[in-house]
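If you're matching them up, the sequences are chains A and B in order. 811 is the number of the first residue of the first sequence in my numbering; add one for each residue after it. 14 is the number of the first residue of the second sequence in my numbering; add one for each residue after it. A virtual CB, placed ideally from N, CA and C, is assigned to each residue, including glycine. Model, not experiment: these values are computed from the prediction. The structure under discussion appears below in the form of structure tokens.
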Amino acid sequence: MTEPNILTQPVLALDGVVKVFGDFVALDKVSVPLAAGQVHALLGANGSGKSTLVKIMSGVLQPDGGQLDFLGTPLAGFGSPAGAAGRGVRVVHQEAPFIDSLSVAETVAFARGFGTPTVGRIPWRRLRRDVAALLEENDVAVSPSQLCATLTPADRAGLSLAIVMAGQSAPAGGPDAAGDQVRLLIVDEVTAAIPEAEASRHLARLRAVADRGVAVVMVTHRLAELEIADDVTVLRAGKVVYREDGGGRLPAAELVARMVGPGAQQAARRGAPGAAPASRPVQSLWKSTPAVSRGKVDQADAGAAPASRGPAIEASELTGEQLSGLSFSAVAGEVVGFAGLRLSGVEELPRILAGGSRRTGGSLSVAGHPIKRDAGPAAMVAAGIGAIPADRLHDGGVASLSVEENFILPTLGAYWHRPARRRAAVKGVIEAFDVRPPRPSALFGSLSGGNQQKVLLGKWLALRPAVLVLDDPTYGVDPAARETIFDAIVDAAALGISVLFFSTEPEQLVRVCSRVIVLRDGRPLTELTGTELTLENLIAWSYQ
Amino acid sequence: MTLESTSTTPSIPDGAPPPAARSGVRRGAGVSARILRSYGTVVLLIALIVIFSAASPSFLTLRNLQNVLIVQTVTALMTLGVMFPLIVGEFDLSVGYLVGFLAVLGAYLSGDNQGPVVVMVAMIGGGAVIGLVNGLLNQRLKISSFIATLGIGIILQGLTQGISGGKVLFSNIPAVVSTLGGGYAGALAISVWITLGFVAVLFYVLEHTPVGRSWYAVGGSERVAFLAGIRTGRLKIAAFAISGLLVGVAAVFALGQSGSANPGFGPDLLLPAYASAFLGVTTYRAGYYNVIGSVVGILLLAVGFNGLSLLGVPFWVQPVFNGGVLLLAVLVARSEARRVRVGT
């Protein structure tokens, strides 16, 4: 795509880089050359070592072995982020940190300087003119006087790139001081938050940056974006499993197969749907806690066949900030997975089902009972939906209250002045889910992530919900607790609960779901079920 | 909330002149609604002046207007004072007790035959030092500003009683202090001129200098500002110190205007100062605490107070009027003010 570069040596060459955390080898002799004027795509599943590699390239982490060759100078590592920045390494992160109440011009000025002493007069006209020129140069269509709060994710990505590239208009190798010249730009999944249609504009900006002679590293999840990349590196389990330096391009399906690797398929499929879970936490919970269901829905008895009344939950033409006409239904005893990139609706749908956000249109019913559009969390709970949010401490539990108080929060009335009943119920949750420490009086906030999640699961499952919504339930959860959560999902489904499972990890979806709906732009893109529901297929559909 | 259309997209001027004139040319229908939202308090102020002028012959007289302004200098400086902690996202609840304490301190030093320089330096410098202590408690010892400034305020209340012995101090107030507070230079009182000087300087600093914009950045998101390399701790401490300094000047005017210091004076001024600052959020730069808006807020409450007094309404109507105006202004400006906090 670009002419062969005049520089014969790469800007940065990683040579046999090793990074170890305790016993865990995050990077195992990784060698990657990053050439000037090239866009280098870095691919890999979660946990493949991508982030560690980016941190080493940006100076946040130092390698435990191997070396970095920066423009021919061998280094053991950059030493610090400042050390990397001093050599011309710049990073654009996924979440661009802007202050919503400031204008675009001020945001640029805080990063680049106001061009005046602290108490001097700000040259507003010149500042706005310079910022307008900078935005123009980087093809960012926002006004300097616009508030950052009004920027779209695509504009934010463009603005952060423009800030990084400010003052770089001179051709590479020009009169700029060496430290000021950007040599290596690392772009960390910036397009993940951008709707597909707008992403191509951002990719064109990256291409333009590379054409100025900068080496660009693009961490991405979207295989379609590889179009603009010159080189590709695929990481798996800390090793480079595939590298492509220009030339031909492997088809997307082949790249996915290399990301996933052999054997992962069987491993992911180990706890296939229908298989008996290792433990039955929900059944034991229901035996020990009284039924305090607030729902109108009759619960299927333990082990009973799923009700034949029709779908447990049915949504039709749901619309919202991200959703645009999403319809789906799930029957009792079914585990339905939802996958998708950011802004596809996978963040909004669970919030709507929990009653935290309002839908703007469409209909929703649980066990045939319609739910009003302005239904809040209380109405959702009453209708039979139990929802565990992604942000555990913010939306899920009250950190400053005890495990017991958190548990009885949705059912305060049922336990009012019934201490014996309450103690028995809380004890039931702690035993059923193996909550540690097993003290009802322990503060929720002092528990580990996994144990917090167990308490929240117990809190909602004790209500015998018709529908259980789980939004990334294993985020920040240790492996043992993760297994308990999977057991609980399978057990809950066996007991007739309809489980809607949202996860950022395809392995988990393949493992516990009987079908997975992939969302895109607020609508179902495809639905994978039966033999189609494989890790490769899911990754290919989600990331394409 | 979603943005309705481009015609209502806030193009907040970065300190530039208000966009009302420009938008009047470019935009048609939304103009009156827009003016009402950003300048509703100004419209209300003008309406009140017209109504009171018609209703009472003594309202629109030089003497009455001079009186309105001079009475407001203390509140105005306190409003500017509370604005700084508000801009950086903190509260200063000590200002009411502080103004009372400093007035009593000044009167006590006067009674002790100290010269005017010592008296004024002690009052203004003392205010700055106590503001600094507030800031250090908040930023270095990590006490919530609400609690830290309340604690300092209660301590000051005790000290006020201790210094004054619970009595009104009035002996030997320096002539310079009285002149500064109540003397006239031309059509306006000296204290009004000085207050206008502070308004101009603070407007310039807040709207047109990097340090002023940094204060707003800290208030917008302390963490992002910190990560952008702004020394957020120092800026916040400075905001508290400036607050104390302005309260010190207010105390000098209060002492000079009344010629005495009452140990019960001060706490009653806390709520009007905050009310004016909150009213200011609805004007000029909607959604931000700003100098121009605060001045309009002070004048609105002052004219309301004065006009209603002249009309002879019962005393209890005043607070009802003030609270009602505050709520009404915030309601009218709500959409504009809220937009600032909207993410994408």
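- A distance below 7 angstroms between beta-carbons, with the five flanking residues on each side excluded, links B/Leu-215 to the following residues of its chain, in chain order: Leu-93, Val-304.
- Sorting B/Asn-77, B/Gln-170, B/Ser-69 by C-alpha distance to the C-alpha of B/Ala-116 places B/Gln-170 at the top.
- Here A/Val-1213 is buried, its C-beta having at least 16 other C-beta atoms within 10 Å.
- Cβ neighbours of A/Asp-990 within its own chain (closer than 7 angstroms, five residues either side excluded): Gly-977.
- In the DSSP annotation of this structure, the continuous segment of the alpha helix (DSSP H) that includes B/His-221 starts and ends at 203-221.
- Per DSSP, A/Gly-854 lies in no alpha helix (DSSP H) segment; the continuous beta strand (DSSP E) that holds it begins and ends at 849-854.
- For A/Thr-926, the residues of chain B that pass the 9 angstroms Cβ criterion are Thr-222, Pro-223, in the order they occur in the chain.
- Chain B places no beta carbon closer than 8 angstroms to that of A/Ala-972, leaving this residue out of the contacts.
- The C-beta of A/Val-1279 has 16 or more other C-beta atoms within 10 Å across all chains shown, which makes the residue buried.
- Beta-bridge analysis with DSSP links A/Lys-1049 to A/Arg-1046.
- For the options B/Ser-307, B/Ile-207, B/Gly-232, B/Met-96, the alpha carbon positioned closest to that of B/Thr-192 is the one of B/Ile-207.
- When the Cα atoms are used, B/Gly-139 and B/Ile-168 turn out to be separated by approximately 14 angstroms.
- Taking a contact to require three or more Cβ pairs closer than 8 angstroms, the segment 1033-1047 of chain A and the segment 1060-1071 of chain A qualify as touching.
- Under the DSSP assignment, A/Arg-1333 falls in the beta strand (DSSP E) whose first and last residues are 1333-1339.
- Taking a contact as a CB-CB distance under 8 angstroms, the pair B/Ser-177 and B/Ala-274 counts as one, their CB atoms being some 7 angstroms apart.
- At a beta-carbon threshold of 7 angstroms, the residues of chain A lying near B/Ala-230 are Ile-909, Leu-912, Phe-920, ordered along the chain.
- At a cut-off of 8 angstroms between C-beta atoms, B/Ile-203 does not count as an interface residue with respect to chain A.
- Shown here, A/Gly-1306 sits in coil according to DSSP, grouped into three states, outside any helix or strand.
- For A/Glu-1008, not one C-beta of chain B is nearer than 8 angstroms to its own C-beta.
- Spatial neighbours of B/Phe-159 in its own chain (CB-CB distance under 6 angstroms, excluding positions within 5 residues in sequence) are listed in chain order as Phe-104.
- The three-state reading of DSSP puts B/Tyr-197 in strand, counting E and B together.
- Ranked by Cα distance from A/Ala-915, the first of A/Arg-1090, A/Arg-1333, A/Asn-1216, A/Ser-953 is A/Ser-953.
- Scanning B/Gly-320, B/Ala-238, B/Tyr-110 for the CA closest to the CA of A/Leu-912 turns up B/Ala-238.
- Look at A/Glu-946: its C-beta is not under 8 angstroms from any C-beta on chain B.
- For B/Phe-253, the enclosing alpha helix (DSSP H) covers residues 245-271.
- Interface with chain A (8 angstroms Cβ-Cβ cutoff): B/Val-343 is excluded.
- Per DSSP, the continuous alpha helix (DSSP H) segment holding A/Lys-860 begins and ends at 860-867.
- Taking a contact to require three or more Cβ pairs closer than 8 angstroms, the segment 143-157 of chain B and the segment 298-318 of chain B do not qualify as touching.
- Contacts with chain A (Cβ-Cβ distance below 9 angstroms) from the segment 239-266 of chain B involve Leu-240, Ala-241, Gly-242, Ile-243, listed in chain order.
- Counting only runs of at least 4 residues, the segment 1152-1211 of chain A fully encloses the following alpha helix (DSSP H) elements, listed from N- to C-terminal order: 1158-1164, 1187-1193.
- Neighbourhood of A/Gly-930 in chain B, by CB distance below 7 angstroms: Thr-222, in chain order.
- Using a Cβ-Cβ cut-off of 8 angstroms, B/Arg-226 is close to Leu-912, Glu-916, Ala-919, Phe-920, Phe-924, Ile-932 of chain A, given in chain order.
- The residues Pro-963, Ala-964, Ala-967, His-1012, in chain order, have a CB closer than 7 angstroms to that of A/Ile-1004 in the same chain once the five nearest residues on each side in sequence are set aside.
- DSSP, reduced to helix, strand and coil, places A/Phe-1138 within a strand of the structure shown.
- Taking 8 angstroms as the upper bound for CB-CB distance, A/Ile-1198 and A/Pro-1275 are not in contact here, some 11 angstroms apart.
- Note on A/Gly-1171: under 16 other CB atoms within 10 angstroms of its CB, so exposed under the neighbour-count rule.
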